[in-house]
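Per the numbering used here, residue 264 is the first one in the sequence shown, and the count goes up by one each step.
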Amino acid sequence: MLFQISERVLRVLKAVTEPREAIKDVVKEPAHKSPVFRGRHVVRYDICTGCDACNKICPVDAIKMKPLPIKRPNKVPEVNLAICIFCGLCEDVCPTKPEKAIKLSGGDIEMITHDGTHDTLENFWVRVDVPEEWIEKKKKEEEEKARKKAEMLAKKKAEAEAKKKAEAEAKKQESEAPKGEEK
Ligand code: SF4
Ligand code: SF4
């Protein structure tokens, strides 16, 4: 009994006092190699519809929608990784097909940046840089679409008015036509 106790004490003492070396340098060797690892988000502004579903479902309010000066998408999500819990709900709920406009890319530990002080908190955001040229191109496309729609509506309106006029004319002619003699 006494032997067993002293053996355990020795083992604990050895564990506490013996210098240990880390088997792995986790800073240099990325640990997240699993294919199911939910890593940093990738946002595809070019297929995002701005539906806001990712923002609404986020359980910790880690998503902030960035407004854009176009109709679709009129906003795109940006993610604060400092409060994100990597649940993946934003990706699950995103309706775009076949690709998701927001997805957790996996295997990326670049989100762990610098020292996380207030000066570097910007590094914890997944920002979406939408190029000016793309915005301008979308604006032109939207203007062209709006012009075509207005043209079509004007055409339909003119056709409806012409039809109405023809019907009224026919009615007038019918009422003015000489009635058959009564017997
Ligand atoms: S992974 Fe979860 S917590 Fe992170 S932004 Fe998406 S919904 Fe929010
Ligand atoms: S990323 Fe997906 S869910 Fe979020 S606003 Fe865009 S389309 Fe909607």
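Backbone N, C-alpha and C fix where the C-beta goes; we use that ideal spot for every residue, glycine too.
Pull up the DSSP beta-bridge partners for residue i, would you.
i: Asn343; result: Trp388
i: Leu276; result: Leu276 is not bridged to any residue.
i: Met264; result: According to DSSP, Met264 bridges with nothing at all.
i: Pro330; result: Lys338
i: Lys454; result: The structure shown has nothing for residue 454, since the chain only spans 264 to 446.
Under the assumption that residue i contacts residue j (Cβ atoms under 8 Å), give the Cβ distance between them as a whole number of angstroms.
i: Leu331; j: Val393; result: 6 Å
i: Val389; j: Arg303; result: 6 Å
i: Val342; j: Ile326; result: 6 Å
i: Asp364; j: Ile398; result: According to the sequence shown, residue 364 is Ala rather than Asp. Incorrect: roughly 17 Å between the Cβ atoms, too far for contact.
i: Val323; j: Ile346; result: 5 Å
i: Leu367; j: Phe349; result: 7 Å
i: Glu362; j: Arg301; result: Glu362 to Arg301, Cβ: 17 Å. No contact.
Of all Cβ atoms in chain B, is any one closer than 7 Å to the Cβ of residue i?
i: Glu422; result: Here chain B cannot be found, since the structure has a single protein chain.
Checklist entry - Does the segment 346-364 come within contact of the segment 312-320, defined as at least 3 CB pairs closer than 8 Å? => result Two segments are said to touch when three or more pairs of C-beta atoms, one from each, lie closer than 8 Å; by this definition the segment 346-364 touches the segment 312-320.
Checklist entry - Can you find at least 3 beta carbon pairs, one from the segment 333-342 and one from the segment 297-314, that sit closer than 8 Å? => result In short, these stretches touch, since the Cβ pair count reaches three.
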